[in-house]
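Novice:
Numbering (this note's numbering), first residue to last: 6 to 165.
1) Taking the CB atoms as reference points, tell me whether residue 71 and residue 59 lie closer together than 8 Å.
2) Please go through the same chain and pick out, in chain order, the residues whose beta-carbon is closer than 8 Å to the beta-carbon of residue 29, but skip the five residues on each side of it.
3) Would you kindly work out how many angstroms separate the C-alpha atoms of residue 146 and residue 27, rounded to a whole number?
4) Just confirm the distance between the C-beta atoms of residue 109 and residue 120, as a whole number of angstroms; I'd bet it's less than 8 Å.
5) Enumerate in chain order the residues of its own chain whose CB-to-CB distance from residue 163 is below 8 Å, with the five nearest sequence positions on each side excluded.
6) Does DSSP put residue 97 in a helix, in a strand, or in coil?
7) Grab the span of the beta strand (DSSP E) containing residue 108 for me, first residue to last.
8) Does the beta-carbon distance from residue 107 to residue 65 come in below 8 Å?
9) Enumerate, from N- to C-terminal direction, the unbroken alpha helix (DSSP H) stretches of 4 or more residues contained entirely within the segment 44-93.
10) Rounded to whole angstroms, what's the CA-CA distance from residue 51 to residue 32? Just pull it up for me.
11) Using the beta-carbon count (16 or more within 10 Å), is residue 114 buried or exposed?
12) Where residue 142 and residue 135 are concerned, what is the direct C-alpha to C-alpha distance, given to the nearest angstrom?
13) So which of 18, 11 and 13 has the shortest CA-CA distance to residue 151?
14) Give me the Cα-Cα distance between residue 73 and residue 105, rounded to the nearest whole angstrom.
15) Fully enclosed by the segment 133-158, which alpha helix (DSSP H) runs are 4 residues long or longer?
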């Protein structure tokens, strides 16, 4: 494959990624605007990303979140502090090791994050309906392969 073709395809993927990010942010903002309570319009995309990671991981240390988010621990700690003040995150001692402090979603945040996730998924469902079932299936197959390539690239880049 020529370098010119690779560059052309890389530009297309970059543009696609930007469109997907913008669509996700749009749906996220629409979901927040329609919500009541603690998450209604008060969270930045970075904060929502962090909350999604906490929701996905369950209890997490600041160090673990920093690694997952690829952000410095002091930045994650500052963001966590703001989210604790908003009663979105709760800091507690780990059940496994009482010396370790972990963060988790508050019960109310857990409920609202689930509602927000449903709204985001319905936004993607609208896109899938527009492209049709055959193209959507191909898209999913391609994205699964891209996901594997990204995971492999990440593994290859990690220091041993």
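The beta-carbon is built from N, C-alpha and C at its ideal position, and this holds for glycine as well.
Specialist: Considering the structure as presented:
1) Mapped onto the chain shown, residue 71 falls at position 66. Mapped onto the chain shown, residue 59 falls at position 54. In this structure, residue 59 does not lie closer than 8 Å to residue 71 by Cβ.
2) On the chain shown, position 24 is the one that residue 29 refers to. Only 125 and 128 meet the Cβ criterion.
3) As a working mapping, residue 146 is identified with position 141 in the chain shown. As a working mapping, residue 27 is identified with position 22 in the chain shown. When rounded, the distance between both Cα atoms is 22 Å.
4) Taking the first residue of the chain shown as position 1, residue 109 is located at position 104. Taking the first residue of the chain shown as position 1, residue 120 is located at position 115. With a Cβ gap of about 18 Å, residue 109 and residue 120 do not count as contacting.
5) As a position in the chain shown, residue 163 is number 158, starting the count at 1. Answer for residue 163: no residue qualifies.
6) What you label residue 97 is simply residue 92 of the chain shown in a count that begins at 1. Strand, per DSSP.
7) Counting from 1 along the chain shown, the entry for residue 108 is found at position 103. 106-110 is the extent of the beta strand (DSSP E) around residue 108.
8) Within the chain shown, the letter at position 102 stands for residue 107. Within the chain shown, the letter at position 60 stands for residue 65. The answer is yes: Cβ separation under 8 Å.
9) 50-62, 67-74 and 78-90
10) By 1-based counting over the chain shown, the position of residue 51 is 46. By 1-based counting over the chain shown, the position of residue 32 is 27. About 15 Å.
11) Position 109 of the chain shown, counted from the start, is the residue given in the question as residue 114. Classification of residue 114: buried, given that the 10 Å Cβ count is 16 or more.
12) Translated into positions along the chain shown, residue 142 becomes position 137. Translated into positions along the chain shown, residue 135 becomes position 130. Cα to Cα, residue 142 sits roughly 13 Å from residue 135.
13) Sequence index remark: in the chain shown, residue 151 carries index 146 (1-based). Taking only the C-alpha atoms, the option nearest residue 151 is 18.
14) For the purposes of this step, residue 73 is taken as residue 68 along the chain shown, with counting starting at 1. For the purposes of this step, residue 105 is taken as residue 100 along the chain shown, with counting starting at 1. Spanning the two alpha carbons is a distance of roughly 18 Å.
15) none
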